[in-house]
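Colleague: Let me begin by handing over the structure; questions about it come next.
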Amino acid sequence: MSQDTPEVLEISIPSTYDAMEKVAGLIEEAGRRVGIGEDDEVDLMISVMEAVNNAIQHGNEENPQKEVHIRIVTAASELICTVRDEGGGFDLAQVPDPLRKENLLNPSGRGILMMREFMDYVDFTTDPEGTSVRMRKTFDPAAPNHA
23 MSQDTPEVLE
33 ISIPSTYDAM
43 EKVAGLIEEA
53 GRRVGIGEDD
63 EVDLMISVME
73 AVNNAIQHGN
83 EENPQKEVHI
93 RIVTAASELI
103 CTVRDEGGGF
113 DLAQVPDPLR
123 KENLLNPSGR
133 GILMMREFMD
143 YVDFTTDPEG
153 TSVRMRKTFD
163 PAAPNHA
């Protein structure tokens, strides 16, 4: 199913990991609405879940009083996802490069790398209300792997 008019799906969750199941459901619903293929849905799922995990852990410092806001805009050939925390922000230049030799064995630190690898566009912005990650995934609705 494709669509001519963009639709918006959004939820806000407390900064707890058990709330991430709701995010997975939102991503699956967005994928169903546009008929995205399985490979693209996996890319989207990994990227959005990484962004939400970072928002909970780093942005909101696992404070359940703070929320993570997830917004997905669906259109005929793209999905635009925004994940926003209520934290103090971060300096992207200070994030260690996970591909450097000294970081290769670290058990974490690859979320931003995966987002950039799996999505077509990733941008980070910080303002007084928190940090937002905006990601876009484009796809060909006529491709054989689309419903």
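In the numbering used here, the protein residues as written are 23 to 169.
Using N, Cα and C, we set each Cβ at its ideal position, and we do this for glycine too.
G152 by DSSP, collapsed to three states: which one?
Modeller: Walking along the sequence shown from the start, residue 152 turns up at place 130. In the three-state reduction of the DSSP assignment, G152 falls in the strand class.
Colleague: Could you tell me if V30 is buried or exposed, where buried requires 16 or more neighbouring beta carbons within 10 angstroms of its beta carbon?
Modeller: The count along the sequence shown starts at 1 and reaches residue 30 at position 8. With fewer than 16 other Cβ atoms within 10 Å, it is exposed.
Colleague: From P36 to P86, what does the alpha carbon distance come to, in whole angstroms?
Modeller: Position 14 of the sequence shown, counting from 1, holds the residue named residue 36. Position 64 of the sequence shown, counting from 1, holds the residue named residue 86. Take the alpha-carbon of P36 and the one of P86: they are about 5 Å apart.
Colleague: By DSSP, does F146 sit in helix, in strand, or in coil?
Modeller: Taking the sequence shown and counting its residues from 1, the one referred to as residue 146 is at position 124. Strand.
Colleague: What residue does the beta strand (DSSP E) around I92 start on, and which one ends it?
Modeller: The count along the sequence shown starts at 1 and reaches residue 92 at position 70. Counting along the chain, the beta strand (DSSP E) containing I92 begins and ends at E89 to T96.
Colleague: Mark T160 as exposed unless 16 or more other C-beta atoms lie within 10 angstroms of its C-beta, in which case mark it buried.
Modeller: In the sequence shown, residue 160 corresponds to position 138, counting from 1. With fewer than 16 other Cβ atoms within 10 Å, it is exposed.
Colleague: Among the residues of its own chain, which have a CB less than 8 Å from the CB of G109, if the five just before and after it don't count?
Modeller: Within the sequence shown, numbered from 1, the residue matching residue 109 stands at position 87. Contacts found: A77, H80, G81, N82, E83, K88, G152 and T153.
Colleague: Looking at V64: is its Cβ nearer than 8 Å to the Cβ of V45?
Modeller: Counting from one through the sequence shown, the residue named residue 64 turns up at place 42. Counting from one through the sequence shown, the residue named residue 45 turns up at place 23. Against a cut-off of 8 Å, the Cβ pair of V45 and V64 comes out as no contact.
Colleague: If you count every other CB in all the chains shown that lies within 10 Å of the CB of T27, and 16 or more means buried, which is it?
Modeller: By one-based count along the sequence shown, residue 27 stands at place 5. Label assigned to T27: exposed.
Colleague: With S34 as the anchor, note down where its alpha helix (DSSP H) starts and where it stops.
Modeller: Numbered from 1 along the sequence shown, position 12 holds the residue referred to as residue 34. Run containing S34: none in the alpha helix (DSSP H); it sits in the beta strand (DSSP E), E29 to P36.
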